[in-house]
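All remarks here apply to the structure that follows.
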Amino acid sequence: MTLRIAYVAGYGRSGSTLLDIMLGAAAGATSLGETGMLWLRHGEDAEACSCGARLRDCPVWAPVVAGVESGEAIARDRAAHRREGWFRGFFAPRRAAVEDRYGRAWAQVFATLAQAHGTPLLIDSSKTAYRYFWRPSALARDAGADVRVLHLVRDPRAVVLSCMKGQNSRLAVGDESVRPAAWAIALVGWLVANLGAALNARRLGRPRLLVQYERLVAAPGEELARIGRFLDADFAEVAERLQRAEPLPVGHLVAGNRMARRGVVLPAPQPPVERLPSRLAEFACRWFAVPIHARLLAGAAQDAEGQ
Numbered sequence: 009m010t011l012r013i014a015y016v017a018g019y020g021r022s023g024s025t026l027l028d029i030m031l032g033a034a035a036g037a038t039s040l041g042e043t044g045m046l047w048l049r050h051g052e053d054a055e056a057c058s059c060g061a062r063l064r065d066c067p068v069w070a071p072v073v074a075g076v077e078s079g080e081a082i083a084r085d086r087a088a089h090r091r092e093g094w095f096r097g098f099f100a101p102r103r104a105a106v107e108d109r110y111g112r113a114w115a116q117v118f119a120t121l122a123q124a125h126g127t128p129l130l131i132d133s134s135k136t137a138y139r140y141f142w143r144p145s146a147l148a149r150d151a152g153a154d155v156r157v158l159h160l161v162r163d164p165r166a167v168v169l170s171c172m173k174g175q176n177s178r179l180a181v182g183d184e185s186v187r188p189a190a191w192a193i194a195l196v197g198w199l200v201a202n203l204g205a206a207l208n209a210r211r212l213g214r215p216r217l218l219v220q221y222e223r224l225v226a227a228p229g230e231e232l233a234r235i236g237r238f239l240d241a242d243f244a245e246v247a248e249r250l251q252r253a254e255p256l257p258v259g260h261l262v263a264g265n266r267m268a269r270r271g272v273v274l275p276a277p278q279p280p281v282e283r284l285p286s287r288l289a290e291f292a293c294r295w296f297a298v299p300i301h302a303r304l305l306a307g308a309a310q311d312a313e314g315q
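For the sequence shown, position 165 matches number 173 in our numbering, and the numbering has no gaps at all.
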C-alpha cells in the first residue's frame, strides 16, 4: 500500500502545529508533528513527544526509534537525512546508496506508524526551511510516498513580529531572550521556506495547495473543506468541533511548539500587523517579503478560479 502523506510546507510561526493537529483530529488521519527531527530528538533527555515522554519511552514512537538505537546506525541515518537540506539538494551529487538508505529508513518509519494508528493519511509538519528544504520531494522519490504539499503561508510581518518575541524552544522553558537580528533571520527563513514549498511542488510534478493562515483561523470550515478536496479526506467533523469551541486532542507529535503540549482551541483572528517595531525590519518586509506574499495569494486566487 502506498504511504499517503500530507506535508505541511512553509516556515515556522505560521500555524503549522495548529494545522497538523486540526488535520490529525479527523478520522483516518494521524498527526505526527515535525518527523524530520526524529533522528535529532530521539536520543535527547529532554521531552521530545507532545505526550511528555522521551521518544524512546513513548508507546507510539518507541517501536519506531528502536531500530536506530546504535550509534553507528544513528550516524549513518543522519548522514542520509542531510540530503533533505537546501544546499545538498541543489549542489551535492546524487548517490544511489544514500538515496536507497534514506528511502528505506523513512518508508519503514511511516509504514510502522500507519500500521500502529490504522490510518491511511499521515500528517508531517516538518516544513521546508533550510534543513528540510527538499524533504517533501525526497520522501516521494526515495521512500515511494504519495506526498501532497500543503503550502501554509502567513503574513511575513506577523511571522517576523512573532520571532522578535523569542524562540519557541526557549519560550517553552520561560526564557524570553531574543537572538540578535532575530527579525533578519526570520525574514530570510520565511523567504527560503516559501521558495522551498514552490520548488518541491515543481519537482513532484503536481500542484500544491496554498493555505493562508489568516483564513484558516477566520474561516476554518471553508479552509478545511478545500484541504479535504485536495487530500481526498473529510474534515467536516473537525470543522464542527472547532465551531463548537471544543478542544482538539493532541496525539503524539515530534517537536512542535507549545501548542502541542495541550488540547487545541482555535485562536481568535488577529488584526494585521501594520508596522514592525524595527524600522529596518519594516523596510525589508515592505520591499521584499510583502510583495512575494501578495503574489502567493494572487496565484492561489487564480488557481481557485480555475478549479
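Using N, Cα and C, we set each Cβ at its ideal position, and we do this for glycine too.
Going by Cα to Cα distance, which pick from the options is closest to residue i?
i, options, result
"residue 139", "20, 300, 274, 272", "20"
"residue 210", "222, 247, 159", "159"
"residue 170", "192, 208, 224, 69", "192"
"residue 305", "245, 243, 164, 132", "164"
"residue 43", "217, 17, 234, 22", "17"
"residue 128", "34, 172, 103", "34"
"residue 149", "221, 133, 110", "110"
"residue 37", "103, 245, 47", "245"
"residue 133", "62, 294, 46, 227", "46"
"residue 298", "196, 236, 174, 230", "196"
Between the alpha carbons of residue i and residue j, how many angstroms are there, rounded?
i, j, result
"residue 65", "residue 292", "45 Å"
"residue 254", "residue 248", "9 Å"
"residue 24", "residue 224", "11 Å"
"residue 301", "residue 277", "18 Å"
"residue 10", "residue 308", "28 Å"
"residue 194", "residue 289", "10 Å"
"residue 67", "residue 108", "28 Å"
"residue 256", "residue 221", "18 Å"
"residue 69", "residue 274", "27 Å"
"residue 284", "residue 74", "46 Å"
"residue 146", "residue 93", "10 Å"
"residue 14", "residue 112", "19 Å"
"residue 286", "residue 294", "12 Å"
"residue 227", "residue 126", "30 Å"
"residue 241", "residue 103", "36 Å"
"residue 234", "residue 63", "33 Å"
"residue 80", "residue 56", "With a pLDDT of only 47 at residue 80, under the threshold of 50, the placement of this residue in the model should not be trusted; the figure read from the coordinates follows. Computed Cα separation, rounded: 22 Å."
Is residue i helix, strand or coil when you go by DSSP?
i, result
"residue 183", "With a pLDDT of 48 at residue 183, under the threshold of 50, the predicted position of this residue should be treated as unreliable, and no value is reported."
"residue 25", "helix"
"residue 40", "coil"
"residue 129", "strand"
"residue 220", "strand"
"residue 14", "strand"
"residue 159", "strand"
"residue 169", "helix"
"residue 78", "For residue 78, the predicted model reports a pLDDT of 49, less than 50, meaning its position is unreliable; a value from the coordinates is still stated below. It is coil, neither helix nor strand."
"residue 59", "coil"
"residue 262", "strand"
"residue 240", "coil"
"residue 200", "helix"
"residue 246", "helix"
"residue 337", "An answer regarding residue 337 cannot be provided, because it is not within the stretch 9 to 315 covered by the chain."
"residue 272", "strand"
Would you check if the distance between the CB atom of residue i and the CB atom of residue j is smaller than 8 Å?
i, j, result
"residue 60", "residue 264", "no"
"residue 258", "residue 272", "yes"
"residue 151", "residue 115", "yes"
"residue 208", "residue 157", "yes"
"residue 252", "residue 154", "no"
"residue 135", "residue 206", "no"
"residue 130", "residue 122", "yes"
"residue 189", "residue 172", "no"
"residue 279", "residue 212", "no"
What distance in whole Å lies between the Cβ atoms of residue j and residue i, which are believed to be in contact at a cut-off of 8 Å?
i, j, result
"residue 204", "residue 296", "Actually they are not in contact, since the Cβ atoms of residue 204 and residue 296 sit about 17 Å apart, beyond 8 Å."
"residue 238", "residue 31", "Wrong, their Cβ atoms sit about 11 Å apart, outside the cutoff."
"residue 167", "residue 117", "So it is not a contact: roughly 29 Å between Cβ atoms."
"residue 58", "residue 260", "6 Å"
"residue 219", "residue 26", "With a Cβ gap of about 11 Å, residue 219 and residue 26 do not count as contacting."
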